[in-house]
Amino acid sequence: MKLSTQMVVVLTSVGLLSGSFLAIVGHLTKERIALNKQRETEKAIIQVVPGIVSSQKLYEERDLSVYGGKDAEGNIVGFAIQASGIGFQDKITLMLGTNTSLKKINRLAILDQKETPGLGAKIADSEFFLLYWENKDSSGTITLHKPAVSSPEELLPTEVNTITGATISSEAVLSIVNTSLEQVRKIIKEGKLSSEAQDVN
Amino acid sequence: MSTKSIGQEFTKGLWDENPVFRQLLGLCPTLAVTNAVINGLAMGMATSFVLIFSSLVVSSIKKFIPSQVRIASYVVIIATFVTVADRFLAAFFPPISKSLGPYVPLIVVNCIILGRQEAFSSKNTVGRSLIDALGMSSGFVLAMLILSAIREILGMGTFLGYQVMGQWFEPWIIMILPPGAFITLGILLALALQIERKTKSRK
Amino acid sequence: MELVAIFVTAILINNFVLRYFLGICPFLGVSKKIDSAISMGLAVTFVMTITAAVSWVINHWILIPLKLDYLQIVSFILVIASLVQLVEMFIRKISPPLYEALGIYLPLITTNCAIFFLALMASLRDYSFLESVIFGVGSGLGFTLAIVLMAAIREQLDLADVPEALKGAGIALIVAGIMALAFLGFSGMIK
């Protein structure tokens, strides 16, 4: 066999074998991977919209998704907003649970962050940060209370706590929340919230 | 042809030709995912998987591959197994897949694997290539273990998530950040070199 | 401006070498002299920019529409390998002395984790074509910055009294660690 022919044959066979092998592997793992992702999102939604039995994706764009939390009768009783934005180090992704009028925040959960361990990373900590986000009034703008307080009672309903030594991370979370609330309000006004969008479960 | 015994073929990967400490290969993942022992171990296992299977395949078909296209062929073979490892982790161990992130696909450019195909698997029997791959993998996992243990214990006070340092210990956060990785590896490399020189002068 | 943020972040805040630990092999290997460092850095930047563009096209026009995303790893690495081959032939024709100077490091760009990581990240972060290219240019320049700074420091270090065991990789990594520490100060630059 001529050398150049052999080269082509070898490369093509290696490519084809690799491709088919990967096609099989890809197929076997595809469902599992999608399921994992779905479960992760579901878990976060249930965490921030208490009392729901199912959820549905209502809107999606880059860095912003809106899910509706449904009760047993299928009525939407709250929204779970997944939003991303820039933090101190890298992207922060969070899940915000609100009621249907967007005027009250149930809970906040941090899905992904790469902030400084021991400082900014505390935004994922309930005791230090997330606790202060529970049951907040979001009819207006939420503000950050500086310096940090040690118990939720010391804050106004429209205030959330700062983490000592991690002001920028705390502010980043606030900014993402305020921005996404504004965006969702606009989306609802423009009627873009669809109930035909895919079911989460 | 190699004149080493089977035993030596394996143990050389652990120290004399340790891919990380002596050959200075595969440093990217070594620095990146050794911030916690579980991550270092997982990456070590994934890399071992790719190295062992790639070596097996390359060694088996070495006669058919013309020299001009060997690098391209090795790369495709390696990339295939890396994809398998990546998919496997994402499907069955999602939290680890998330911690290791994009560094698993990066195994494909880990110089250790390509280096071993070029230097060994393409020139030795399947049996020897397997032993070599096992030895190099063990050396790599060992290096990951040492580096991540130092970084996790000093940086968070834990080992595999279990608290090992008492309450009195204030973690050196810097250890889990990039600077800590660079400096720790630098010191370990120097140590390895120093030990090597001392044993040489004694012989 | 989102594009400016991506660009600046890639160079300073999330520097590919000092934050993501990419390109360490060439970083340690070619950073002994400032001239070769600059050449290597620019070659890498060039390959990175084109890789960003080509892999975006392949990803969005072929892989995703045909649901072949599990072929990403294989495709990207083949793109990079071919591009480096082309660049090598190109430099050999245009400037033989440059080709000689870069020597073994040119084909080694293929295994430069930085380029592969770039293609992966642009895909993961779902960047548009323009964003991917800017990301490529920025990361390449960040790599160049790190490697040139390192070369400058090492040229000075050569004249200093370094303990035997630390010479070479040991001291280089420690210097890298200190540089990484300095670059950490850039965090939070972009709001």
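Each protein sequence line maps, in turn, to chains V, W and U.
Taken in order, the first sequence gives residues -18 to 182; the numbers are from our numbering.
Taken in order, the second sequence gives residues -12 to 190; the numbers are from our numbering.
Taken in order, the third sequence gives residues 20 to 210; the numbers are from our numbering.
Think of the CB as a built atom: it goes at the ideal place given N, C-alpha and C, for glycine as much as any other residue.
Look at the stretch 54 to 69 of chain W: the residues with a C-beta under 8 Å from a C-beta of chain V are Gln55, Val56, Ala59, Ser60, Val63, Ile64, Ala66, Thr67. When secondary structure is reduced to three states using DSSP, W:Glu139 falls in the helix class.
Straight-line spacing of the CA atoms in U:Thr64 and U:Phe162 works out to 8 Å. Our two residues, V:Ile5 and W:Ile39, have alpha carbons roughly 21 Å apart in a direct line. When the alpha-carbon of V:Thr143 is set against those of V:Glu41, V:Leu100, V:Gly172, V:Leu162, the nearest one is in V:Leu100. Taken atom to atom, the span from the alpha-carbon of V:Glu134 to that of V:Pro128 is near 15 Å. Residues of the stretch 87 to 102 of chain W with a Cβ closer than 7 Å to any Cβ of chain U, in chain order: Pro89, Pro92, Leu93, Val95, Val96, Cys98, Leu101. Counting only Cβ-Cβ distances below 8 Å, V:Ser(-1) has contacts in chain U at Val93, in chain order. Contact annotation for V:Gly68 against chain W: no contact, minimum CB-CB distance about 15 Å [criterion: below 9 Å]. U:Val106 sits close to U:Val66, with the two beta carbons spaced by under 8 Å. Listed along chain U are Asn33, each with a C-beta nearer than 8 Å to that of V:Asp71. With a threshold of 8 Å between beta carbons, U:Asp145 makes contact with chain V. In this structure, W:Gly0 lies near W:Gly122, with their beta-carbon atoms less than 8 Å apart. Counting only residues of its own chain and dropping the five nearest sequence neighbours on each side, W:Ser84 has a CB closer than 6 Å to the CB of Leu76, Ala77. When DSSP reads this structure, V:Asn142 sits in a beta bridge with V:His126. Within the stretch 54 to 112 of chain W, the runs of alpha helix (DSSP H) that reach at least 4 residues and sit entirely inside it are, in chain order, 57 to 79, 81 to 87, 98 to 103. For V:Gly(-4), the chain W residues whose C-beta falls within less than 8 Å of its own C-beta are Val63, listed in chain order. Straight-line measurement puts the Cα of W:Leu141 at about 31 Å from the Cα of V:Glu21. For W:Ala72, the number of other beta carbons within 10 angstroms of its own is at least 16, and it is reported as buried.
Taking the C-beta atoms as reference points, W:Phe169 is found nearer than 8 Å to U:Ile193.
Of the candidates W:Cys98, W:Ile58, W:Phe80, W:Val63, W:Val63 places its Cα closest to the Cα of U:Leu90. C-alpha of U:Gly196 to C-alpha of U:Leu203: approximately 11 Å in a straight line. Between U:Ala199 and W:Pro165, the gap from beta carbon to beta carbon is short of 8 Å.
Judged by DSSP in its simplified three-state form, U:Phe205 adopts coil rather than helix or strand.
Listed in chain order, the non-local C-beta contacts of V:Lys173 below 8 Å within the same chain comprise Tyr40, local neighbours out to five positions each way being set aside. If you look at V:Arg88, you'll find it in the beta strand (DSSP E) that goes 85 to 93. Unbroken beta strand (DSSP E) runs of no fewer than 3 residues, entirely contained in the stretch 32 to 90 of chain V, are found at 35 to 42, 45 to 51, 57 to 67, 72 to 80, following chain order. Taking the CA atoms as reference points, V:Ile104 sits about 13 Å from V:Lys72.
Contacts with chain U at 8 Å (Cβ-Cβ) include W:Ile170.
Spanning the alpha carbons of W:Ile(-7) and W:Glu4 requires a straight line of approximately 15 Å. Taking C-beta atoms as the reference points, W:Leu134 and W:Leu175 count as a pair closer than 8 Å.
For secondary structure counted as the alpha helix (DSSP H) over 4 or more consecutive residues, the stretch 98 to 154 of chain U holds these complete runs in sequence order: 115 to 121, 124 to 127, 132 to 143. Bounds of any alpha helix (DSSP H) do not take in V:Ser131, whose DSSP letter is neither H nor E. A straight-line Cα-Cα distance of about 18 Å links U:Pro115 and U:Gly60.
In the DSSP secondary-structure assignment, V:Lys117 is bridged to V:Ile86. Taking the CA atoms as reference points, V:Gln70 sits about 10 Å from U:Arg38.
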